[in-house]
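**Q** Dropping a structure here in structure tokens format, bear with me for questions.
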Amino acid sequence: MTTITAPRPTVQGSRHRSYVVTDAITMLRRNLLHMIRYPGLSVFTIVGPVVILLMFVFVFGGTLGAGLPGVDSAGGRAAYLAYVMPGILAITIAGTAGGTATTVSMDMTEGITARFRTMAISRAAVLAGHVLGNTIQAIIAVALVLGVGVLIGFRPTATPIEWLATFGLIALIAFAITWIAVGMGMQAKSVETASNLPLLLVLLPFLGSGFVPTESMPAGLQWFAEYQPFTPIVETLRGLLLGTPLGWNAVLAVGWCVVITVIGYAWSMIIYERKSVRS
Numbered sequence: 001m002t003t004i005t006a007p008r009p010t011v012q013g014s015r016h017r018s019y020v021v022t023d024a025i026t027m028l029r030r031n032l033l034h035m036i037r038y039p040g041l042s043v044f045t046i047v048g049p050v051v052i053l054l055m056f057v058f059v060f061g062g063t064l065g066a067g068l069p070g071v072d073s074a075g076g077r078a079a080y081l082a083y084v085m086p087g088i089l090a091i092t093i094a095g096t097a098g099g100t101a102t103t104v105s106m107d108m109t110e111g112i113t114a115r116f117r118t119m120a121i122s123r124a125a126v127l128a129g130h131v132l133g134n135t136i137q138a139i140i141a142v143a144l145v146l147g148v149g150v151l152i153g154f155r156p157t158a159t160p161i162e163w164l165a166t167f168g169l170i171a172l173i174a175f176a177i178t179w180i181a182v183g184m185g186m187q188a189k190s191v192e193t194a195s196n197l198p199l200l201l202v203l204l205p206f207l208g209s210g211f212v213p214t215e216s217m218p219a220g221l222q223w224f225a226e227y228q229p230f231t232p233i234v235e236t237l238r239g240l241l242l243g244t245p246l247g248w249n250a251v252l253a254v255g256w257c258v259v260i261t262v263i264g265y266a267w268s269m270i271i272y273e274r275k276s277v278r279s
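Be aware that the sequence shown starts at 1, since it is given in the UniProt record's numbering, and climbs by one per residue.
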């Protein structure tokens with residue numbers, strides 16, 4: 001009797017994990033198709049950072065670059081392009097949260113999520129589809145924005161291993177930000193509200209070391225800039241791409257990503273269990 005029943009939990013557990021993975025792939029395919037059919041959200045995540053990049057480099061770059069340590073006025077714009085590019089990449093990642101929050105809110109308000117609850121679909125897979133889809137979208141957006149930066153003169157010095165670490169960190173950041181965006185989309189009472197909430201995430205790189213050194217800020221803002229999540233993230237991207245000292249920034253960046261992921265996942269699952277039962 002024991003020898004017959006003992007393997008069953010393992011088999012059932014294996015089947016359950018298989019169903020979760022299969023359902024997650026199905027939901028990922030759905031979200032990728034949604035991204036293709038509604039390209040406006042995807043285009044905005046690329047066009048917005050590119051416009052900011054061009055404006056800051058070609059309008060303010062000469063002046064802001066000349067104020068960087070060890071840079072003269074002649075090389076100000078080129079130096080500022082190198083300095084600001086990691087901040088632009090951080091904004092690109094944060095900007096993808098708006099599309100995720102919007103699509104999640106649409107699924108919630110239109111009753112699609114509640115309909116999924118009545119079907120033989122893993123609950124975890126419903127949210128996993130959004131998270132994985134947005135992470136892929138963020139990596140594509142970052143690659144395109146980085147390409148624009150190279151076209152206008154950005155010259156990274158990263159080795160192949162540093163490039164691999166860069167895109168690994170970008171994927172980790174996108175994964176973490178997406179879980180927060182999923183929670184925002186579920187928490188919002190309307191699609192309009194959901195599209196506005198992630199703007200708070202886009203502002204954080206501006207209030208860190210993404211555009212100017214934190215040492216140039218007033219005392220109170222400098223304290224906030226040095227201890228908010230995006231400053232070590234930007235400094236790590238800057239170190240990997242341009243060879244500036246990393247210090248503890250890489251550890252802090254990964255730590256912040258883990259913390260944000262845990263908070264976002266817990267928040268999203270709590271709201272999902274509470275709200276998705278509504279018809």
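Beta carbons are placed, not taken as given, at the ideal position from N, Cα and C, and that holds for glycine.
All of these numbers come straight from a predicted model, not from anything done at the bench.
Please check the pair G61 and G48, which I expect to be a contact at CB under 8 Å, by giving their CB distance rounded to whole angstroms.
**A** No, G61 and G48 are not in contact; Cβ-Cβ is about 18 Å, not under 8 Å.
**Q** To the nearest angstrom, how far is it from the Cα of L207 to the Cα of A158?
**A** Near 26 Å, if we compare the C-alpha coordinates of A158 and L207.
**Q** Across the segment 214-222 and the segment 183-197, are there enough close Cβ pairs to call them in contact, namely three or more that are closer than 8 Å?
**A** Judged by Cβ distances under 8 Å, the segment 214-222 makes no contact with the segment 183-197, as fewer than three pairs qualify.
**Q** Should A97 be labelled buried (16 or more other beta-carbon atoms within 10 Å of its own) or exposed?
**A** Flag for A97 reads buried.
**Q** Determine the extent of the alpha helix (DSSP H) in which I152 is found, giving its start and end residues.
**A** No alpha helix (DSSP H) holds I152; DSSP gives it neither H nor E.
**Q** Using a Cβ-Cβ cutoff of less than 6 Å, which residues in the same chain neighbour F230 once the five nearest sequence positions on both sides are dropped?
**A** A90, L204, P205, G208, listed in sequence order.
**Q** Would E273 be called buried (16 or more neighbouring beta carbons within 10 Å of its own) or exposed?
**A** By the 10 Å Cβ count, E273 comes out exposed.
**Q** I need the straight-line Cα distance from V84 to E226, nearest angstrom please.
**A** Distance between the alpha carbons of V84 and E226 is about 17 Å.
**Q** Could you check the C-alpha separation between A79 and P213 for me, to the nearest Å?
**A** If you take the alpha carbons of A79 and P213, they lie about 13 Å apart.
**Q** Could you give the distance in angstroms between the alpha-carbon of residue 294 and the alpha-carbon of A138?
**A** Here the chain has residues from 1 to 279 only, and residue 294 is not among them.
**Q** State yes or no: is the C-beta of L68 within less than 9 Å of the C-beta of F211?
**A** Cβ distance not < 9 Å, so L68 and F211 don't count as in contact.
**Q** Apart from the five residues just before and just after S268, which ones in its own chain have a Cβ nearer than 7 Å to its Cβ?
**A** Excluding sequence neighbours, S268 sits near L127, W179, V182, G183, M186.
**Q** Which whole-angstrom value is the C-beta distance of A176 and L240, which I expect to be below 8 Å?
**A** Wrong, their Cβ atoms sit about 18 Å apart, outside the cutoff.
**Q** Where I173 and G153 are concerned, what is the direct C-alpha to C-alpha distance, given to the nearest angstrom?
**A** Whole-angstrom Cα-Cα distance: 25 Å.
**Q** If you draw a straight line from the C-alpha of F58 to the C-alpha of N249, how long is it?
**A** If you take the alpha carbons of F58 and N249, they lie about 29 Å apart.
**Q** Please report the straight-line C-alpha distance between L53 and V262, rounded to a whole angstrom.
**A** Going by the C-alpha atoms only, they are around 31 Å apart.
**Q** Do T92 and A171 have their beta-carbon atoms positioned less than 9 Å apart in this structure?
**A** It is not a contact, given that the beta carbons lie outside the stated cut-off.
**Q** Based on Cα-Cα distance, which residue from G255, L146, H130, E192 lies nearest to V104?
**A** Taking only the C-alpha atoms, the option nearest V104 is H130.
**Q** Indicate whether M106 and V191 have their beta-carbon atoms separated by less than 9 Å.
**A** Against a cut-off of 9 Å, the Cβ pair of V191 and M106 comes out as a contact.
**Q** Ignoring anything shorter than 4 residues or poking outside the segment 132-207, list the alpha helix (DSSP H) runs there in chain order.
**A** Those alpha helix (DSSP H) runs which fall completely within the segment 132-207 and span 4+ residues are 160-187, 191-196, 199-203.
**Q** Going by the beta-carbon positions, is the gap between V202 and G95 smaller than 9 Å?
**A** The answer is yes: Cβ separation under 9 Å.
**Q** What residue does the alpha helix (DSSP H) around T231 start on, and which one ends it?
**A** Its alpha helix (DSSP H) spans residues 230-242.
**Q** At what residues does the alpha helix (DSSP H) containing S216 begin and finish?
**A** First-last for S216: undefined, no H or E at that position.
**Q** For P156 and E162, what's the separation of their Cα atoms in angstroms?
**A** Straight-line Cα distance between these residues: approximately 10 Å.
**Q** What are the boundary residues of the alpha helix (DSSP H) that G99 is part of?
**A** Note, G99: alpha helix (DSSP H), 76-109.
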